[in-house]
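Novice: Residue numbers (the working numbering): 1359 to 2055. So that we are looking at the same thing, I have put the structure below in structure tokens.
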């Protein structure tokens, strides 16, 4: 909170859509409790606005609750609003999608929109007690009530563009799709080495390859990453667009790439049996995985095999004679890789790296893009192998740049805050787990104690939510989750801009071009990239999460009335969130819970019946029945068996937003050392028709 006077508060206004709201104080200024804003005391503020407020005298009926009124709106949080077009009496209105923005916005200016169409308006006036808010249509997405329109509106709200500007496409198409002899000059030639890629079967953008050789009693591990920076030069249309996007965005069977497919699936993809330019991190490791030496080089490779996780897992498990015969020339290397990966994982655990079990959902779609199945993605031995090697390369490159005191973009993850630690202690206590400190070893001890027990997923999720959000920074602050003192993202320049910046830093260093002036310029570029990439990563995560919910809901529309085993994944005052093993999540409204009035304990995350004493807690196993699903909003409603006709909320309940996940030594490969191939998605040019633009006034 910022204090501008004894009773003044600065913060964010959170509307409820029912007249009242809350003033959420800014962090770090001595006040953590939210202030209730009564009806007609919001002074025209909308949900998301940055405001200044004034404390009011305590309400005698609620002496424990702080109350405030809004005195000034400092900045607007809703300059554009998405909703549904409604026409009445020759007037055009937009009904906002957000239930926290209940007032319709009157559409002004010339526009051609249809009744019932989903659209976005730019707000030109926020209205008053006597005048409605006004806005002009800036984008349309198709008929409201459809998943397709909802997907496009989510992308729009997060400023994620499917289509590339023409100058970017022109530059990409002009790049030669083969490596000329001149480009190979002065590079370490590794084309005769046994280098392979291991990816998902549907992946098209293969940006990392690996090799492993004996070096006496030691290992020589090579991690070879596509040299995207050779093709994407600073200040070009390609670079500016990549900076703006910051990251590729993955959902269901689609991808909105950071780079055009001519690069991401073409000359920058480490396809088999063709020359490709790379940056190689060559690490000498002891038999037990200790780092003995390393070098980093501009290189050229020729991948010998395009392996899949599925085939590698079968090969490592043994028992498929035909597959073993097909890959006999690399099978010994694969087995050595698996052994080295186990040694690396053992060392990470010994230093305190957190082993958080958190599976992703895999959405299977038919030829028309409709979800036909959803399952939890599991990690096999080959996925863990690649994960270990990428983590090792990222740590090595970060240490290399740090020791030389050269510019870099680090991936940082700080220790949990005291508030988060206390909350975690309170949540773990009812499950019988004591936590003294939130250090790596104490947290890992709790995770190990819960392993193979019914509450293990809940404990893992609790620990995950207690962690800080990983982000990018030019200062090396270490990585708490991995217990790594040095960490950066080096392994995925096709789909993450920070990796591209790290490559540029390495190129400048290797070429001896870092004089005082150029180093200062590069450091400034790193600072801008760190801020922009952190923001765009959050936007991508939000879009991916929200869009996946639409697919979940569309899938569940075909399973209404069916029963499922689930576990409580969230507890709020308005109900329980329950998650299926596949990752599908739905709401059980508190009004539908049987035969009691339930009190909410925010600290322990429980709902407890005041008369029966029955308690619903985080991680509790339940049987649920799916009673409703809406693919246009992503809302799924569950009920307990026998309560299918019980009442529920009339409007969608807001899901508490989780923290962006930090890297872990297992799973979540989008943001970890792995290059991020969560899914082999269709590029934007293959998805349904793009949104059409409305006319601007």
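All C-beta atoms, glycine included, are put in the ideal place defined by N, C-alpha and C.
In the DSSP assignment, the beta strand (DSSP E) including residue 1518 goes from what residue to what residue?
Specialist: Position 160 of the chain shown, counted from the first residue, corresponds to residue 1518. Neither: residue 1518 is in no beta strand (DSSP E) and is coded neither H nor E.
Novice: Locate the alpha helix (DSSP H) running through residue 1895, then write down its first and last residues.
Specialist: Along the chain shown, one-based indexing puts residue 1895 at 537. 1874-1914 is the span of the alpha helix (DSSP H), which, as asked, contains residue 1895.
Novice: Kindly provide the ranges of any beta strand (DSSP E) runs that are 3 or more residues long and lie completely inside the region 1804-1839, ordered along the chain.
Specialist: Counting only runs of 3 or more, we get 1829-1831.
Novice: Among residues of its own chain, excluding the 5 on either side of residue 1627, which ones have a beta-carbon nearer than 6 Å to its beta-carbon?
Specialist: As a first step, residue 1627 is located in the chain shown; it is residue number 269 there, counting from the start. The answer, listed in chain order, is 1563, 1564.
Novice: In three-state terms, what does DSSP make of residue 1479?
Specialist: For the purposes of this step, residue 1479 is taken as the residue at position 121 of the chain shown. Reduced to three states, the DSSP call for residue 1479 is strand.
Novice: Take the Cβ of residue 1543 as the centre, count every other Cβ of all protein chains shown within 10 Å, and call the residue buried at 16 or more, exposed below.
Specialist: As a working note, residue 1543 is residue 185 in the chain shown. Exposed: under 16 other Cβ atoms inside 10 Å.
Novice: Should residue 1847 and residue 1854 be called a contact, given that it needs their Cβ atoms to be closer than 8 Å?
Specialist: Against the chain shown, residue 1847 aligns to sequence position 489. Against the chain shown, residue 1854 aligns to sequence position 496. The answer is yes: Cβ separation under 8 Å.
Novice: Which residues mark the beginning and the end of the alpha helix (DSSP H) in which residue 1683 is found?
Specialist: Working through the chain shown from its first residue, we reach residue 1683 at position 325. Segment 1679-1684, the alpha helix (DSSP H) holding residue 1683.
Novice: In whole angstroms, what separates the C-alpha of residue 2032 from that of residue 1745?
Specialist: Reading the chain shown from its first residue, position 674 is the one you call residue 2032. Reading the chain shown from its first residue, position 387 is the one you call residue 1745. Confidence at residue 2032 is low in this model, with a pLDDT of 42, below 50, so its placement is unreliable and the value that follows should be read with caution. Their Cα atoms are separated by approximately 5 Å.
Novice: Tell whether a beta-carbon distance below 8 Å holds between residue 1501 and residue 1463.
Specialist: Within the chain shown, residue 1501 is the residue found at index 143, counting from 1. Within the chain shown, residue 1463 is the residue found at index 105, counting from 1. No, these two residues do not count as a Cβ contact at 8 Å.
Novice: Specify the secondary structure class of residue 1791 as computed by DSSP and reduced to three states.
Specialist: Numbered from its first residue, the chain shown carries residue 1791 at position 433. Note: residue 1791 maps to coil in three-state DSSP.
Novice: Residue 1985 and residue 1884: beta carbons closer than 8 Å?
Specialist: As a position in the chain shown, residue 1985 is number 627, starting the count at 1. As a position in the chain shown, residue 1884 is number 526, starting the count at 1. No; because the gap between Cβ atoms is not below 8 Å, this pair is not in contact.
Novice: Name the two residues that bound the continuous beta strand (DSSP E) containing residue 1613.
Specialist: On the chain shown, residue 1613 is found 255 positions in, with the first residue counted as 1. Per DSSP, residue 1613 belongs to the beta strand (DSSP E) from 1612-1614.
Novice: Of all the alpha helix (DSSP H) runs that stay within the bounds of the region 1557-1583, which reach a length of 4 or more residues?
Specialist: You should have found no qualifying run.
Novice: For the alpha helix (DSSP H) that contains residue 1694, what are its first and last residues?
Specialist: As a position in the chain shown, residue 1694 is number 336, starting the count at 1. Counting along the chain, the alpha helix (DSSP H) containing residue 1694 begins and ends at 1689-1709.
Novice: Should residue 1588 go down as buried or exposed, given a rule of 16 or more other Cβ atoms within 10 Å for buried?
Specialist: For this step, residue 1588 is matched to residue 230 along the chain shown. So residue 1588 ends up on the buried side.
Novice: What does a CB cutoff of less than 8 Å around residue 2024 pick up in its chain, not counting 5 residues either side in sequence?
Specialist: For the purposes of this step, residue 2024 is taken as the residue at position 666 of the chain shown. Note that residue 2024 scores 30 on pLDDT, short of 50, meaning its location in the model is unreliable; the coordinates nonetheless yield the value given after this. Around residue 2024: 1713, 1714, 1715, 1737, 1742, 1745.
Novice: Go ahead and pull the three-state DSSP assignment for residue 1624.
Specialist: Counting from one through the chain shown, the residue named residue 1624 turns up at place 266. Three-state DSSP puts residue 1624 in a helix.
Novice: When every heavy atom of the ligand FMN is checked, does at least one fall within less than 7 Å of the C-beta of residue 1870?
Specialist: In terms of ligand content, the structure shown is empty, and the ligand FMN therefore cannot be addressed.
Novice: Taking the CB atoms as reference points, tell me whether residue 1840 and residue 1749 lie closer together than 8 Å.
Specialist: If you number the chain shown from 1, residue 1840 lands on position 482. If you number the chain shown from 1, residue 1749 lands on position 391. Yes, the Cβ-Cβ distance between residue 1840 and residue 1749 is below 8 Å.
Novice: Among the residues of its own chain, which have a CB less than 7 Å from the CB of residue 1437, if the five just before and after it don't count?
Specialist: Locating residue 1437 in the chain shown gives position 79, where the first residue counts as 1. 1480, 1481, listed in sequence order.
Novice: Take residue 1373 and list the residues in its own chain whose beta-carbon comes closer than 6 Å to its own, dropping the five residues that flank it on each side.
Specialist: Numbered from 1 along the chain shown, position 15 holds the residue referred to as residue 1373. The residues are 1379, 1405, 1458.
Novice: Is the region 1919-1927 touching the region 1981-2001 in the sense that three or more CB pairs, one from each, lie closer than 8 Å?
Specialist: With a cut-off of 8 Å, the region 1919-1927 and the region 1981-2001 count as touching, because enough Cβ pairs lie within range.
Novice: Once you ignore the five residues that flank residue 1914 on each side, which residues in its own chain have a CB closer than 8 Å to its CB?
Specialist: Counting from 1 along the chain shown, the entry for residue 1914 is found at position 556. The answer, listed in chain order, is 1942, 1944, 1984, 1987, 1994.
Novice: Rounded to whole angstroms, what's the CA-CA distance from residue 1939 to residue 1665? Just pull it up for me.
Specialist: Position 581 of the chain shown, counted from the first residue, corresponds to residue 1939. Position 307 of the chain shown, counted from the first residue, corresponds to residue 1665. C-alpha separation (whole angstroms): 29 Å.
Novice: Please go through the same chain and pick out, in chain order, the residues whose beta-carbon is closer than 7 Å to the beta-carbon of residue 1668, but skip the five residues on each side of it.
Specialist: Position 310 of the chain shown holds residue 1668. Same-chain partners within the cutoff: 1559.
Novice: Considering only their Cβ atoms, is the gap separating residue 1674 from residue 1696 smaller than 8 Å?
Specialist: By one-based count along the chain shown, residue 1696 stands at place 338. By one-based count along the chain shown, residue 1674 stands at place 316. Their beta carbons are under 8 Å apart, which means residue 1696 touches residue 1674 by this criterion.
Novice: So, for residue 1970: in the same chain, excluding its five sequence neighbours on each side, which residues have a beta-carbon less than 8 Å away from its beta-carbon?
Specialist: The count along the chain shown starts at 1 and reaches residue 1970 at position 612. Counting only Cβ-Cβ distances below 8 Å, and skipping sequence neighbours, we find 1953, 1954.
Novice: Counting only the same chain and skipping the five closest in sequence on each side, list residues whose C-beta sits under 6 Å from that of residue 1595.
Specialist: Start at 1 with the first residue of the chain shown, and residue 1595 comes out as number 237. Closer than 6 Å at Cβ, skipping near neighbours: 1525, 1526, 1529.
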